[in-house]
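Here is the structure we will look at.
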Amino acid sequence: MKDRYPILLIIVFLGLLLVPWRNLTLDPSAIEESFYPRTRLINLISNLRISLGDRVFPKVIFGDNNWLVFTGEGDLQDYQKLDIFTVDELEQLREELEALSARYAERGITLLIVIVPSKNTIYPERVPGRIPVLGEESRLEQMMSTLRAGDRTWILDLRPALIKAKAEREIYYATDTHWNDYGAYIAYSAILSELHKHYPNLAPRSMSDFYVAEEEPQLLDLAQNIGTTLLTESKINFVPNFDQHTSYKSITLGGRKMIFSYNMDATLPDLVTYYDSFFFPVNSMLGEHFHRGLFIQNHTGGGLWDLSWVDEQEPEVVIIEFSERYLDDLPKFIAPDR
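Counting in the working numbering, the sequence shown runs without a single skipped number right up to 339 at its last residue.
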């Protein structure tokens with residue numbers, strides 16, 4: 002590895018010769034703006050590192066066949082089962098979720114908690130073997146074993162359906178932290194199947210009701226993160242093969258996008274969903290099944306939303322979705338006064 006550094010230093014030096022020095026100040030942001038070949042230089046260095054065999058980058062490591070493993074935001078700690086809940090934290094979360102579910106039930110509201118597993122959780126075999134699993138249970142495993150112990154229906158475990166689906170096709174992107182639309186469809190189908198127990202007119206459409214459209218290869222989030230242009234991947238979009246009856250309107254509030262949906266069928270229940278980026282493709286699938294829907298990103302520019310939109314909208318169904326790496330935020334979201 003050491004013999005590669007002189008080559009990288011030469012490239013950096015050549016790049017610096019292109020900087021318009023007369024325009025620079027001591028302000029780092031001004032230097033960055035004036036250094037017009039900065040992005041190209043980053044791409045060049047990253048591409049060279051990959052070509053020379055480097056496989057460890059900030060927040061990303063390579064698995065086999067250019068499968069990128071995200072190591073930031075606690076993803077690696079979750080995989081290694083290091084960052085876990087205490088017994089008291091789990092018990093408090095269970096009590097608060099039960100209390101919230103009971104309060105909503107008194108108002109005729111069904112609460113469903115959905116936790117989206119990280120890519121490392123669904124594809125542990127693609128994490129390099131030199132990274133050991135050190136703990137006994139991850140936070141997600143702790144939650145599911147504790148909260149499902151009471152046979153509650155208000156928390157949905159997506160892992161079995163996703164693990165079954167991955168045997169047939171890729172359901173997460175190789176160069177992104179997120180699932181593709183196959184994975185999104187599995188989540189949508191599981192959610193509607195769970196809600197069908199309470200609302201018989203809610204049932205998922207079959208996969209054959211959508212056709213799969215592939216975009217031109219592009220750089221997805223983990224490839225962009227390491228600054229390479231070598232690893233492009235086609236995004237997969239599920240496009241409805243049926244007549245849609247729901248209209249959507251988006252607004253931006255508090256630094257985050259909110260989506261309103263409307264379906265003329267008043268026999269369908271109303272929905273409020275709090276979601277993160279994993280649900281971008283799921284929301285439009287769900288919207289077709291509800292009379293009125295409100296989809297709110299649970300993280301705002303200034304922190305977390307609260308549940309006041311439920312009081313505002315008085316829906317029949319509330320879905321609260323968090324991805325596994327943000328599980329620390331779920332207790333604060335459920336009980337902000339904690």
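Ideal Cβ placement from N, Cα and C applies to all residues, glycine included.
- In this structure, DSSP gives P241 an extended state, which the three-state scheme calls strand.
- Its Cα nearest to that of V273, the residue H292 stands out among H292, G255, A267 and F279.
- A check of alpha carbon separations from P201 across D76, N44, L269 and I132 identifies L269 as the nearest.
- One Cα belongs to L83, the other to T247, and the distance between them is close to 44 angstroms.
- The Cβ neighbour count for D312, taken over all protein chains shown within 10 Å, is under 16; the residue is labelled exposed.
- Here the alpha carbon of G130 sits roughly 31 angstroms from the alpha carbon of A191.
- T40 counts as exposed, since fewer than 16 other C-beta atoms from the protein chains shown sit within 10 angstroms of its C-beta.
- The beta carbons of R160 and P205 sit no closer together than 8 angstroms.
- Secondary structure remark: continuous alpha helix (DSSP H) runs of at least 4 residues inside the stretch 38-79, in chain order: 39-52.
- Contact annotation: S194 and E216 have beta-carbon atoms that are not nearer than 8 angstroms.
- Proximity of the stretch 223-234 to the stretch 47-61 meets the contact definition, three or more beta-carbon pairs being nearer than 8 angstroms.
- Note that the stretch 280-297 does not touch the stretch 120-129; fewer than 3 beta-carbon pairs, one per stretch, sit closer than 8 angstroms.
- Here DSSP, grouped into helix, strand and coil, assigns A162 to helix.
- Rounded to the nearest whole angstrom, the CA to CA distance from D65 to A175 is 10 angstroms.
- In terms of CA proximity to Y80, V134 leads the group V134, W306, L113 and I116.
- Judged by DSSP secondary structure, Q298 falls outside any alpha helix (DSSP H) and instead within the beta strand (DSSP E) spanning R293 to Q298.
- A straight-line Cα-Cα distance of about 10 angstroms links L196 and L112.
- Approximately 6 angstroms separates the beta-carbon atoms of D330 and L305; this is inside 8 angstroms, confirming the contact.
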